[in-house]
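**Student:** Going by my numbering, the letters in the sequence shown line up with residues 28 to 710, in that order.
C-beta: ideal position from N, C-alpha, C; glycine also.
Being a predicted model, the structure only gives us computed values, none of them experimental.
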Amino acid sequence: MTIMENPITALNGVGENRAGLFAKLGIRTIEDMLYFFPRYMEDRSNITDIISVKDGDNVCVLASVVLKPQVMRVRNNLVIYKVLVDDGTATMTLTWFNNKFIPNTFKVGEKYKFFGKVNRKGSKIEMATPTYEKEETNVHTGRVTPIYPLTKDLHQKTARGILKQCVDAVVGNINEYLPNDIRAKYGLCELNYAFSSIHFPETAQDYTRARYRFVFEELLILQLGMLMMKKIDKTKKAPVIVSEEYIKEFKTKMPFEMTGAQRRVLAEISADFSDEKPMSRLLQGDVGSGKTVVAFAAMYAAVKNGFQAALMAPTEVLAKQHYESALKYFEKEEIGFLTGSVTGKTKQSVIEKIKTGEVKIVIGTHAVIEDNIEFKNLALAITDEQHRFGVKQRAKLAGKGEGIHTLIMSATPIPRTLALILYGDLDISVLDELPPGRQKIDTFYLNEDFRARINAFMRKKIEEGRQIYVICPLIEESEKSDMKAATELSEHLAKTILPEYKVELLHGRMKPKEKNEIMARFASGETNVLVSTTVIEVGVNVPNATVMIVENAERFGLSQLHQIRGRVGRGSEKSYCILFSNGGGKNTEKRLEVMTKTNDGFEISRRDLELRGPGDFLGTRQHGLPEMKIANLFTDMEICKKAGECARLILKKDEKLKSAEYAFLRQKLRKMFGGLADGNVVG
Ligand code: ADP
Ligand code: MG
Numbered sequence: 028m029t030i031m032e033n034p035i036t037a038l039n040g041v042g043e044n045r046a047g048l049f050a051k052l053g054i055r056t057i058e059d060m061l062y063f064f065p066r067y068m069e070d071r072s073n074i075t076d077i078i079s080v081k082d083g084d085n086v087c088v089l090a091s092v093v094l095k096p097q098v099m100r101v102r103n104n105l106v107i108y109k110v111l112v113d114d115g116t117a118t119m120t121l122t123w124f125n126n127k128f129i130p131n132t133f134k135v136g137e138k139y140k141f142f143g144k145v146n147r148k149g150s151k152i153e154m155a156t157p158t159y160e161k162e163e164t165n166v167h168t169g170r171v172t173p174i175y176p177l178t179k180d181l182h183q184k185t186a187r188g189i190l191k192q193c194v195d196a197v198v199g200n201i202n203e204y205l206p207n208d209i210r211a212k213y214g215l216c217e218l219n220y221a222f223s224s225i226h227f228p229e230t231a232q233d234y235t236r237a238r239y240r241f242v243f244e245e246l247l248i249l250q251l252g253m254l255m256m257k258k259i260d261k262t263k264k265a266p267v268i269v270s271e272e273y274i275k276e277f278k279t280k281m282p283f284e285m286t287g288a289q290r291r292v293l294a295e296i297s298a299d300f301s302d303e304k305p306m307s308r309l310l311q312g313d314v315g316s317g318k319t320v321v322a323f324a325a326m327y328a329a330v331k332n333g334f335q336a337a338l339m340a341p342t343e344v345l346a347k348q349h350y351e352s353a354l355k356y357f358e359k360e361e362i363g364f365l366t367g368s369v370t371g372k373t374k375q376s377v378i379e380k381i382k383t384g385e386v387k388i389v390i391g392t393h394a395v396i397e398d399n400i401e402f403k404n405l406a407l408a409i410t411d412e413q414h415r416f417g418v419k420q421r422a423k424l425a426g427k428g429e430g431i432h433t434l435i436m437s438a439t440p441i442p443r444t445l446a447l448i449l450y451g452d453l454d455i456s457v458l459d460e461l462p463p464g465r466q467k468i469d470t471f472y473l474n475e476d477f478r479a480r481i482n483a484f485m486r487k488k489i490e491e492g493r494q495i496y497v498i499c500p501l502i503e504e505s506e507k508s509d510m511k512a513a514t515e516l517s518e519h520l521a522k523t524i525l526p527e528y529k530v531e532l533l534h535g536r537m538k539p540k541e542k543n544e545i546m547a548r549f550a551s552g553e554t555n556v557l558v559s560t561t562v563i564e565v566g567v568n569v570p571n572a573t574v575m576i577v578e579n580a581e582r583f584g585l586s587q588l589h590q591i592r593g594r595v596g597r598g599s600e601k602s603y604c605i606l607f608s609n610g611g612g613k614n615t616e617k618r619l620e621v622m623t624k625t626n627d628g629f630e631i632s633r634r635d636l637e638l639r640g641p642g643d644f645l646g647t648r649q650h651g652l653p654e655m656k657i658a659n660l661f662t663d664m665e666i667c668k669k670a671g672e673c674a675r676l677i678l679k680k681d682e683k684l685k686s687a688e689y690a691f692l693r694q695k696l697r698k699m700f701g702g703l704a705d706g707n708v709v710g
């Protein structure tokens, strides 16, 4: 066992209790502790004269204790401790509450450093609950100080003290694991220095250098993993698809004119098709911008050239909907539908027809990429909302994707760096224009007081012939009670509020067949109100639905709300979105207000980013990527590019990372990708 593998209880001051708190943060060993990076650095390196401090400033002072700490018992449960200090320029009073250690901490006449927020009224200068330490030490004050992302009951000072002990114990004895040539080429600092400087840098610049190294390292490992899973073979050629005439022909079958943006994107796809280099294109377009017909037009051209084309959606309901729409443009016999609900003989028959080529268009969920599916001559693979697919499914698709053209459709504006990591090298097309006649969806942010009015509004809309969605969020921890709430709400609506109308409940746990039937009844207009606990299943197109009601709207991210709202406003009728929320978090109001002010998806995701921060917005889980400890996929774009280049160079030299020089990288890969790093992927 190396020192790195020791449990943190080997450190002074870490007993069972604290070990438990650290375990909550995923820290069990010394190594975990070293990789527990600060959230940010606070510069406490300047010592300020007390005389010159300003009200509200956060400052560090060096001063002597003038008097014995004063103890004032204000109430039974409130004791105030006051300490008067002097740095030769002025005096200042320090205050602590209920901290019984204070009287024994400070000795009259001795010097200490104090860091905290100043409260100044003229010559009366105070500082409440400062961080303090003796003059001669430099852990918490008088330096660029690390601030850690801690859990409740674990204080910065405690954690920092333990981290310092940990760093001092191992730095100097750590073996560098990045090969020297890589470090030299990309300017990455040495590992011992890096650990010491990421936690306790001498200067802000030392911290920056250390952070650069660890960010690079993390992004390198991420990209190595993604690349190894993709196993892209760039030498494969894709079939040339002659498309312009066929796309023209397709247009004559459409019930509407293409928008300018749709025409432009199709021209880009056409150009890609005319070349043997496999197309790899991301199509970004806001909800409702009409990505589906673009996909069908491309598929139409592929089929007319005698090839097969596949369209894969993340859910059964979406796949089914694409299938229904496809019937407008293709013969029923040439379309094969494959999802979890297609089983037995039907499934066998579809699989057989895909193999013989009788089926030209395959539409489905990830059932389409199962190992037993063999295409006769697949030339084009399209995925809808692909970021919802996990890393593994994506890897599998890429496996089938050698030598074919791929198009990825997404309503989420993904930053280019992230897109590159997720999908590898690709071109991006944007549908930046909505079909004509779309009206703004009026959006309201309301609390429970408006319930009765909204119930009346629902009735009015149903009487006018419209349909309504009600979305209830489910979050994992409280899934049971949430489910109960959704069930109760739908029963309440059905029995009490709208007894003469049809209300149905759709939830994620239902069998695909049942979901399809419920969606079909809603799409046909038979059901008036659809209460749903899953957002994703509602990625559908029912133009007659014009009211979207979202319960506990604060539980959704803005981009998610935007997607949900995009389910209405799909026809010519005026549409509405009601966001119910009874508060929750200080940002809730601000965030939901954004929804009432704009309908622009790109603007909304920008605001979301601002209000929630990139970590949340790009919740790596949302994209099926491993959690990042230090790298920020938004702000570290430049490093990301370099790390990507480095990953490619490494794999060119040693595509399986078998050599001893990369042993450590391999180990890190296994750690980051967990169960995914099985034999054939990351060996
Ligand atoms: P998304 O980009 O969100 O997948 P869809 O492809 O589902 O959007 O299209 C949304 C709606 O807009 C559908 O009802 C579709 O038929 C309609 N639509 C698409 N393109 C046009 C167009 N050029 N003119 C009018 N309606 C269109
Ligand atoms: Mg769509």
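Give me the Cα-Cα distance between Ile-248 and Ile-201, rounded to the nearest whole angstrom.
**Tutor:** As a working mapping, residue 248 is identified with position 221 in the sequence shown. As a working mapping, residue 201 is identified with position 174 in the sequence shown. So the alpha carbons of these two residues sit roughly 20 angstroms apart.
**Student:** Compare the beta carbon distance of Val-135 and Leu-121 with 8 angstroms and say whether it is the shorter of the two.
**Tutor:** Your numbering for residue 135 matches position 108 in the sequence shown. Your numbering for residue 121 matches position 94 in the sequence shown. Cβ distance not < 8 angstroms, so Val-135 and Leu-121 don't count as in contact.
**Student:** Can you list, in chain order, the residues of its chain with a C-beta nearer than 7 angstroms to that of Lys-331? Leave out the 5 residues immediately preceding and following it.
**Tutor:** To locate residue 331, count along the sequence shown from 1; it is residue 304. Excluding positions up to five away in sequence, the list reads Tyr-273.
**Student:** What is the DSSP secondary structure of Met-699, reduced to helix, strand or coil?
**Tutor:** On the sequence shown, residue 699 is found 672 positions in, with the first residue counted as 1. If DSSP states are grouped into helix, strand and coil, Met-699 belongs with the helices.
**Student:** In the DSSP assignment, find the unbroken beta strand (DSSP E) run with Met-436 in it and report its ends.
**Tutor:** Looking up residue 436 in the sequence shown gives position 409. 432 to 437 is the extent of the beta strand (DSSP E) around Met-436.
**Student:** DSSP state of Asp-113, grouped into three classes?
**Tutor:** As a first step, residue 113 is located in the sequence shown; it is residue number 86 there, counting from the start. Reduced to three states, the DSSP call for Asp-113 is strand.
**Student:** Using the Cβ count rule (16 or more neighbours within 10 Å means buried), how would you classify Ala-438?
**Tutor:** Here residue 438 is taken as the residue at index 411 of the sequence shown, counted from 1. Ala-438 should be labelled buried.
**Student:** My guess is that Val-321 and Leu-338 are in contact by the Cβ rule of under 8 angstroms, so how many angstroms apart are they, rounded?
**Tutor:** Here residue 321 refers to the residue found at position 294 of the sequence shown. Here residue 338 refers to the residue found at position 311 of the sequence shown. Between Leu-338 and Val-321 the Cβ distance is about 11 angstroms, and since that is not below 8 angstroms, they are no contact.
**Student:** Which residues have a Cβ closer than 6 angstroms to any heavy atom of ligand 2, listed in chain order?
**Tutor:** Going by the Cβ distance cut-off, the answer is Lys-318, Thr-319, Asp-411.
**Student:** Ligand 1 and Gly-143: does any heavy atom of the ligand fall closer than 7 angstroms to the residue's C-beta?
**Tutor:** The residue you call residue 143 lines up with position 116 of the sequence shown. No; taking the cut-off as 7 angstroms, the Cβ of Gly-143 has no heavy atom of ligand 1 nearer than that.
**Student:** Given that a residue counts as buried once 16 or more other Cβ atoms are within 10 Å of its Cβ, and exposed if not, what is Leu-645?
**Tutor:** Counting from one through the sequence shown, the residue named residue 645 turns up at place 618. At Leu-645, the pLDDT of 43 sits below 50, so the modelled position is not reliable; the number obtained from the coordinates is stated separately. Buried: at least 16 other Cβ atoms inside 10 Å.
**Student:** According to the Cβ coordinates, are Phe-142 and Cys-87 closer than 8 angstroms?
**Tutor:** Within the sequence shown, the letter at position 115 stands for residue 142. Within the sequence shown, the letter at position 60 stands for residue 87. Yes, they are a contact pair.
**Student:** What's the gap between the Cα of Ser-316 and the Cα of Lys-617?
**Tutor:** Position 289 of the sequence shown holds residue 316. Position 590 of the sequence shown holds residue 617. So the alpha carbons of these two residues sit roughly 27 angstroms apart.
**Student:** If you measure from the CB of Phe-283, is any heavy atom of ligand 1 nearer than 7 angstroms?
**Tutor:** Here residue 283 corresponds to residue number 256 of the sequence shown, with the count starting at 1. Flag set: Cβ of Phe-283 near ligand 1.
**Student:** Regarding Ala-438 and ligand 1, is the C-beta to nearest heavy atom distance less than 7 angstroms?
**Tutor:** Counted from its first residue, the sequence shown places residue 438 at position 411. Correct: Ala-438 has its Cβ closer than 7 angstroms to ligand 1.
**Student:** Could you pull the start and end residues of the alpha helix (DSSP H) that Gln-375 belongs to?
**Tutor:** As a first step, residue 375 is located in the sequence shown; it is residue number 348 there, counting from the start. Start and end: 371 to 383.
**Student:** Does the distance from the C-beta atom of Val-569 to that of Gln-494 stay below 8 angstroms?
**Tutor:** Along the sequence shown, read from residue 1 onward, the residue named residue 569 stands at position 542. Along the sequence shown, read from residue 1 onward, the residue named residue 494 stands at position 467. Yes, these two residues count as a Cβ contact at 8 angstroms.
**Student:** Ignoring anything shorter than 4 residues, give me the alpha helix (DSSP H) runs that lie fully in the region 587 to 628, in order along the chain.
**Tutor:** For the region 587 to 628, whole alpha helix (DSSP H) runs of length 4 or above, ordered along the chain, are 615 to 624.
**Student:** Which residue's Cα is closest to the Cα of Val-267: Ile-296, Pro-500, Lys-380?
**Tutor:** Translated into positions along the sequence shown, residue 267 becomes position 240. Measuring from the Cα of Val-267, the nearest candidate turns out to be Ile-296.
**Student:** Residue range of the alpha helix (DSSP H) that Ile-468 falls in?
**Tutor:** Against the sequence shown, residue 468 aligns to sequence position 441. Premise fails: Ile-468 is in no alpha helix (DSSP H) and is neither H nor E.
**Student:** For Gly-367, which three-state DSSP category applies?
**Tutor:** Counted from its first residue, the sequence shown places residue 367 at position 340. Correct three-state label for Gly-367: coil.
**Student:** Grouping DSSP H, G and I as helix and E and B as strand, with all else coil, what is Gly-391?
**Tutor:** Your numbering for residue 391 matches position 364 in the sequence shown. DSSP places Gly-391 in strand when its eight states are reduced to three.
**Student:** For Ser-79, is the classification buried or exposed, using 16 other Cβ atoms within 10 angstroms of its Cβ as the cut-off for buried?
**Tutor:** Counting from one through the sequence shown, the residue named residue 79 turns up at place 52. Exposed.
**Student:** Relative to the alpha-carbon of Val-574, which residue among His-519, Ile-524, Glu-491 has its alpha-carbon at the smallest distance?
**Tutor:** Numbered from 1 along the sequence shown, position 547 holds the residue referred to as residue 574. For Val-574, the nearest C-alpha among the options comes from Glu-491.
**Student:** For Met-326, count neighbouring Cβ atoms within 10 angstroms of its own Cβ and tell me buried if that reaches 16, exposed if not.
**Tutor:** In the sequence shown, residue 326 corresponds to position 299, counting from 1. The residue is buried, with at least 16 neighbouring Cβ atoms inside 10 Å.
**Student:** If we count Cβ pairs, one from each stretch, closer than 8 angstroms, do we get three or more for the region 174 to 191 versus the region 60 to 75?
**Tutor:** The region 174 to 191 vs the region 60 to 75: in contact.
**Student:** Taking only the alpha-carbon atoms, compute the straight-line gap between Gly-83 and Ile-54 and give it to the nearest angstrom.
**Tutor:** For the purposes of this step, residue 83 is taken as residue 56 along the sequence shown, with counting starting at 1. For the purposes of this step, residue 54 is taken as residue 27 along the sequence shown, with counting starting at 1. When rounded, the distance between both Cα atoms is 35 angstroms.
**Student:** Would the beta-carbon of Asn-609 be found less than 7 angstroms away from any heavy atom of ligand 1?
**Tutor:** Translated into positions along the sequence shown, residue 609 becomes position 582. No.
**Student:** Is it the case that the CB of Arg-592 approaches a heavy atom of ligand 3 more closely than 7 angstroms?
**Tutor:** Looking for ligand 3 in the displayed structure turns up nothing; the ligands present are ligand 1 and ligand 2.
**Student:** Out of curiosity, what's the CA-to-CA distance linking Gln-375 and Thr-410?
**Tutor:** Locating residue 375 in the sequence shown gives position 348, counting from the first residue. Locating residue 410 in the sequence shown gives position 383, counting from the first residue. The straight-line gap from Cα to Cα measures roughly 23 angstroms.
**Student:** Any heavy atom of ligand 1 closer than 7 angstroms to the Cβ of Gln-289?
**Tutor:** The count along the sequence shown starts at 1 and reaches residue 289 at position 262. The answer is yes for Gln-289.
**Student:** Check the DSSP bridge columns for Ser-307 and list the partner residues they point to.
**Tutor:** Position 280 of the sequence shown holds residue 307. DSSP output for Ser-307 lists Thr-433 as bridge partner(s).
**Student:** Who are the near neighbours of Glu-229 in its chain, counting only those whose CB is closer than 6 angstroms to its CB and skipping five residues on each side?
**Tutor:** Start at 1 with the first residue of the sequence shown, and residue 229 comes out as number 202. Same-chain partners within the cutoff: there are none.
**Student:** Can we count Val-314 as close to ligand 1, meaning its CB is less than 7 angstroms from some heavy atom?
**Tutor:** Position 287 of the sequence shown holds residue 314. Yes - ligand 1 has a heavy atom lying nearer than 7 angstroms to the Cβ of Val-314.
**Student:** When burial is assigned at 16 or more other CB atoms within 10 Å of the CB, is Leu-606 buried or exposed?
**Tutor:** Within the sequence shown, residue 606 is the residue found at index 579, counting from 1. The residue is buried, with at least 16 neighbouring Cβ atoms inside 10 Å.
**Student:** Between the Cα of Ile-598 and those of Arg-478, Arg-465, Asn-543, Lys-624, spot the shortest distance and give me the residue it belongs to.
**Tutor:** Locating residue 598 in the sequence shown gives position 571, counting from the first residue. Here the sequence assigns Gly to residue 598, which means Ile is not the residue at that position. Residue Arg-465 is the option with its Cα nearest to Gly-598.
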